[in-house]
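Asks: Under my numbering, the residues of the sequence shown are numbered 26 to 531, in order.
Sharing a structure below in structure tokens format, with a few things to ask.
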Amino acid sequence: MKRFYTFLFAFVCTIVSVMAQADYCIRFYEPKKQANIWESQAQYVLSQPLTKGNNYTLTMKIKASGNMNICFWPIDTKSANRNEWGNSADVQYLDQKSITTQWDVYTWKFKADFPLDELDFMFGGNEGYLYFDDVTLKDDNIGVNYIINGDFAKPETDGWQTVGYSSVKFEIVDAGNGKPVVITPEEPIVPDNYPLAEQGAPNFHIYLCFGQSNMEGNAAIEPVDKTNVPERFKMMAAVNYNSPKREMGKWYTAVPPLCRENTGLTPADYFGRTLVENLPSDISVGVINVAVGGAKIELFMEEFKDEYIKNEAEWFKNYCKQYNNDPFGRLVELGKEAQKSGVIKGILLHQGESNCGQSDWTEKVAKVYKRLCWKLGLDPNDVPLLAGETLYSESGGACSWHNIAALPKLPEVLPNAYIISAKDLPGNDSFHFTSAGYRELGKRYAEKMLSLLATDGIVSPIAADADETYDCTLGDDSMYNLDGTVCKNPQPGTIVIKNGKIIIIK
Numbered sequence: 026m027k028r029f030y031t032f033l034f035a036f037v038c039t040i041v042s043v044m045a046q047a048d049y050c051i052r053f054y055e056p057k058k059q060a061n062i063w064e065s066q067a068q069y070v071l072s073q074p075l076t077k078g079n080n081y082t083l084t085m086k087i088k089a090s091g092n093m094n095i096c097f098w099p100i101d102t103k104s105a106n107r108n109e110w111g112n113s114a115d116v117q118y119l120d121q122k123s124i125t126t127q128w129d130v131y132t133w134k135f136k137a138d139f140p141l142d143e144l145d146f147m148f149g150g151n152e153g154y155l156y157f158d159d160v161t162l163k164d165d166n167i168g169v170n171y172i173i174n175g176d177f178a179k180p181e182t183d184g185w186q187t188v189g190y191s192s193v194k195f196e197i198v199d200a201g202n203g204k205p206v207v208i209t210p211e212e213p214i215v216p217d218n219y220p221l222a223e224q225g226a227p228n229f230h231i232y233l234c235f236g237q238s239n240m241e242g243n244a245a246i247e248p249v250d251k252t253n254v255p256e257r258f259k260m261m262a263a264v265n266y267n268s269p270k271r272e273m274g275k276w277y278t279a280v281p282p283l284c285r286e287n288t289g290l291t292p293a294d295y296f297g298r299t300l301v302e303n304l305p306s307d308i309s310v311g312v313i314n315v316a317v318g319g320a321k322i323e324l325f326m327e328e329f330k331d332e333y334i335k336n337e338a339e340w341f342k343n344y345c346k347q348y349n350n351d352p353f354g355r356l357v358e359l360g361k362e363a364q365k366s367g368v369i370k371g372i373l374l375h376q377g378e379s380n381c382g383q384s385d386w387t388e389k390v391a392k393v394y395k396r397l398c399w400k401l402g403l404d405p406n407d408v409p410l411l412a413g414e415t416l417y418s419e420s421g422g423a424c425s426w427h428n429i430a431a432l433p434k435l436p437e438v439l440p441n442a443y444i445i446s447a448k449d450l451p452g453n454d455s456f457h458f459t460s461a462g463y464r465e466l467g468k469r470y471a472e473k474m475l476s477l478l479a480t481d482g483i484v485s486p487i488a489a490d491a492d493e494t495y496d497c498t499l500g501d502d503s504m505y506n507l508d509g510t511v512c513k514n515p516q517p518g519t520i521v522i523k524n525g526k527i528i529i530i531k
């Protein structure tokens, strides 16, 4: 009897274990019927191309929300043989299958006529849901399976995509009830202690810049912005440029655009110029700018970025592709490269319009900052975060609430964070500054950084002319003490910062 109960207990545990194991699949959704079958596509990008001349077998379980037809057209996307629309002409048009509302196994056998690297499934002319599961693609000779995670045991969509002009969306769902799978993202844990990085020349000061469209640069670059750029002010290209010709990871004189090709003037432009005007002549300044217009702070967070990018517009995806769909990772990659030649002295942020006033924004920014410091081996006590305000409502700004509800809390969670005022800066529209606004905002970032450098003993004050005087009345916020606070009534001999210059009141 004891043996029987032991057997029964083991049997029940096995059943419970099997029942508890979730079964996932991928679901594609086409909201409307398209005129042509190729206008609705599900694609899988192979990690390596198939061998030309070899025989292959594709097997997969498929069902749909209604009866529909599906074609399988594997393609060599890298081929130089193009069709009249400029796409690859090296496609194999395999037979069409009729899909029902019940799960069934479908098989395609074929010989690779080209080094095929993408599996395209066409189902235009249908609307509704299409489900794939247990996808395998095997070489008939050696049995190697080319599909990664084809049973979706790991609820991820890696390798799957749709075409840019398509309205098709896709997601991982429960294969039994069709409910979308909600995955709690894993966030990196920053250790309390980590080794600090060895850095390069102490007289090459490097600043990491990130954010959304205002850091990306939205206003026109005018002739004055391209002339007399100091040789001591450098930029490291964060992507490859065609015009001007720039290679990612290389240093260049910081002639705009500093973010990407065809972007505009940014705060980083006049931040760097103002610094080199006021720093000793043996100190150079370099900036690395990684920014994406419209980006939420979540784009710079490992646990959110993939899902975020997947659900954004095609133009947004194209910007992200230039950073390998990982802007934070690109900033770290180039930061490490920059540390070979200089020292990272600070981090500049302008972001918030897309997270306007959100209660968790400061916490997320703090996480991004701490992760940057960890990944780059930086001491947070030595590397300030300078965060700029959004366009004020008095200047037509639509996101000025962020300056009240979110930004002031940042120094509470990050003691080495400082807010850069955008008061009285002119706007180009409801979200962006004018070219003049960017120039002034950049100077304000620099004024704060100069005050911090002066406190550290790096900057020597530049004496004003003997007859130069200032009437610094109450409420005048055009002068700053070296600790970054507004200077209201400076006495003779006081060192202050005004208009980006460190001066002595005479």
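Each residue gets a CB set at the ideal place from its N, CA and C atoms; glycine is no exception.
Measuring straight from C-alpha to C-alpha, what distance separates L83 and M93?
Replies: Mapped onto the sequence shown, residue 83 falls at position 58. Mapped onto the sequence shown, residue 93 falls at position 68. Taking the straight line from one Cα to the other gives about 19 Å.
Asks: Would K259 be called buried (16 or more neighbouring beta carbons within 10 Å of its own) or exposed?
Replies: In the sequence shown, counting from the first residue as 1, residue 259 sits at position 234. Buried, by the Cβ-count rule.
Asks: How about L304 and P409: do their beta carbons lie closer than 8 Å?
Replies: Within the sequence shown, residue 304 is the residue found at index 279, counting from 1. Within the sequence shown, residue 409 is the residue found at index 384, counting from 1. Not closer than 8 Å, so no.
Asks: Please classify K513: does DSSP put it in a helix, a strand, or coil?
Replies: As a working note, residue 513 is residue 488 in the sequence shown. Residue state, collapsed to three classes: coil.
Asks: Work out the CA separation of V198 and C50 for me, nearest whole Å.
Replies: Mapped onto the sequence shown, residue 50 falls at position 25. Mapped onto the sequence shown, residue 198 falls at position 173. Between C50 and V198, the C-alpha separation is close to 6 Å.
Asks: In the DSSP output, which residue or residues are listed as bridge partners for N314?
Replies: Walking along the sequence shown from the start, residue 314 turns up at place 289. In DSSP, N314 forms a bridge with C234.
Asks: Buried or exposed, going by whether 16 or more other CB atoms sit within 10 Å of the CB of T498?
Replies: Within the sequence shown, the letter at position 473 stands for residue 498. With a pLDDT of 43 at T498, under the threshold of 50, the predicted position of this residue should be treated as unreliable, and no value is reported.
Asks: Classify I322 as helix, strand or coil using the three-state DSSP reduction.
Replies: By 1-based counting over the sequence shown, the position of residue 322 is 297. Of the three classes helix, strand and coil, the one that applies to I322 here is helix, per DSSP.
Asks: Leaving out the 5 sequence neighbours to the left and right, which residues in its chain are closer than 7 Å to S379 when beta-carbon positions are compared?
Replies: Stepping through the sequence shown from its first residue, residue 379 is reached at position 354. Q237, G319, A320 and K321, listed in sequence order.
Asks: Tell me whether Y219 is buried or exposed, calling it buried when 16 or more other Cβ atoms sit within 10 Å of its Cβ.
Replies: As a first step, residue 219 is located in the sequence shown; it is residue number 194 there, counting from the start. Counting Cβ neighbours within 10 Å, Y219 comes out exposed, since fewer than 16 surround it.
Asks: Tell me whether K103 sits in a helix, a strand or coil according to DSSP, three-state version.
Replies: The count along the sequence shown starts at 1 and reaches residue 103 at position 78. Coil.
Asks: Which runs of the beta strand (DSSP E) spanning at least 3 residues fall entirely within the stretch 90-165, listed in chain order?
Replies: With a minimum length of 3 residues, the continuous beta strand (DSSP E) runs that stay inside the stretch 90-165 are 93-100, 121-124, 129-136, 143-147 and 153-164.
Asks: Return yes when the Cβ of N453 is within less than 8 Å of the Cβ of A244, no when it is not.
Replies: As a working mapping, residue 244 is identified with position 219 in the sequence shown. As a working mapping, residue 453 is identified with position 428 in the sequence shown. Yes.
Asks: Checking 8 Å against the spacing of the C-beta atoms, do I231 and G422 come in under that value?
Replies: In the sequence shown, the residue the question calls residue 231 occupies position 206. In the sequence shown, the residue the question calls residue 422 occupies position 397. No, these two residues do not count as a Cβ contact at 8 Å.
Asks: Do you know offhand how far E358's Cα is from P352's?
Replies: Here residue 358 is taken as the residue at index 333 of the sequence shown, counted from 1. Here residue 352 is taken as the residue at index 327 of the sequence shown, counted from 1. Approximately 10 Å, taken between the alpha carbons.
Asks: If we ignore side chains and look at the alpha-carbon of each, how far apart do I369 and A262 end up?
Replies: Within the sequence shown, the letter at position 344 stands for residue 369. Within the sequence shown, the letter at position 237 stands for residue 262. Taking the straight line joining both Cα atoms gives about 16 Å.
Asks: Could you pull out every unbroken beta strand (DSSP E) segment of at least 3 residues lying fully inside the stretch 339-388, listed in chain order?
Replies: List check, beta strand (DSSP E) in window: 368-375.
Asks: Taking the runs of the beta strand (DSSP E) that are 3 residues or longer, which of them lie wholly in the stretch 259-291?
Replies: Counting whole runs of 3 or more residues, the stretch 259-291 contains the beta strand (DSSP E) stretches 276-278.
Asks: What are the boundary residues of the alpha helix (DSSP H) that includes L9?
Replies: Because the chain here runs from 26 to 531, residue 9 falls outside it and cannot be looked at.
Asks: Check P486 in the structure and name its three-state DSSP category.
Replies: One-based indexing of the sequence shown puts residue 486 at position 461. Confidence at P486 is low in this model, with a pLDDT of 48, below 50, so its placement is unreliable and the value that follows should be read with caution. Three-state result, P486: coil.
Asks: Determine the extent of the alpha helix (DSSP H) in which K251 is found, giving its start and end residues.
Replies: Here the question's residue 251 lines up with position 226 in the sequence shown. That run of the alpha helix (DSSP H) goes P248 to K251.
Asks: Taking the alpha carbon of V317 as the point to measure from, which residue in G311, S306, D307 and K330 has its own alpha carbon closest?
Replies: Taking the first residue of the sequence shown as 1, we reach residue 317 at position 292. Of the listed residues, the one whose Cα sits closest to V317 is K330.
Asks: So, using beta-carbon positions, are A447 and L411 closer together than 8 Å?
Replies: By one-based count along the sequence shown, residue 447 stands at place 422. By one-based count along the sequence shown, residue 411 stands at place 386. Not closer than 8 Å, so no.
Asks: Considering only their Cβ atoms, is the gap separating E181 from Q68 smaller than 8 Å?
Replies: The residue you call residue 68 lines up with position 43 of the sequence shown. The residue you call residue 181 lines up with position 156 of the sequence shown. No, Cβ-Cβ distance for Q68 and E181 is not below 8 Å.
Asks: Since D199 is in the beta strand (DSSP E), which residue starts that stretch and which ends it?
Replies: Counting from one through the sequence shown, the residue named residue 199 turns up at place 174. K194 to D199 is the extent of the beta strand (DSSP E) around D199.
Asks: Would you report the Cα separation of K361 and D404, rounded to the nearest angstrom?
Replies: Counting from 1 along the sequence shown, the entry for residue 361 is found at position 336. Counting from 1 along the sequence shown, the entry for residue 404 is found at position 379. Approximately 15 Å between the Cα atoms of the pair.
Asks: So, using beta-carbon positions, are G225 and K365 closer together than 8 Å?
Replies: Within the sequence shown, residue 225 is the residue found at index 200, counting from 1. Within the sequence shown, residue 365 is the residue found at index 340, counting from 1. Yes, these two residues count as a Cβ contact at 8 Å.
Asks: Just checking my contact of F235 with L432 at CB under 8 Å: how many whole Å lie between their CB atoms?
Replies: Here residue 235 refers to the residue found at position 210 when the sequence shown is read from its first residue. Here residue 432 refers to the residue found at position 407 when the sequence shown is read from its first residue. Their Cβ separation, rounded to whole angstroms, is 16 Å, which puts F235 and L432 out of contact at 8 Å.
Asks: Which residues in the same chain have their Cβ closer than 6 Å to the Cβ of A471, if we skip the five residues on either side of it in sequence?
Replies: Along the sequence shown, read from residue 1 onward, the residue named residue 471 stands at position 446. Excluding positions up to five away in sequence, the list reads F296, T299, L300 and G525.
Asks: Can you list, in chain order, the residues of its chain whose CB lies under 6 Å from that of C424, leaving out five sequence neighbours each side?
Replies: Here residue 424 refers to the residue found at position 399 when the sequence shown is read from its first residue. Cβ neighbours of C424 beyond the five flanking positions: E378, C381 and T415.
Asks: Run through DSSP, which three-state label would N80 get?
Replies: For the purposes of this step, residue 80 is taken as residue 55 along the sequence shown, with counting starting at 1. Residue state, collapsed to three classes: strand.
Asks: Within 10 angstroms of its Cβ, does K513 collect 16 or more other Cβ (buried), or is it exposed?
Replies: Within the sequence shown, residue 513 is the residue found at index 488, counting from 1. When all chains shown are included, K513 counts as exposed.
Asks: Could you say if the stretch 190-204 and the stretch 272-291 meet the contact criterion of at least three C-beta pairs nearer than 8 Å?
Replies: The stretch 190-204 vs the stretch 272-291: no contact.
Asks: Tell me whether G91 is buried or exposed, calling it buried when 16 or more other Cβ atoms sit within 10 Å of its Cβ.
Replies: Your numbering for residue 91 matches position 66 in the sequence shown. Flag for G91 reads exposed.
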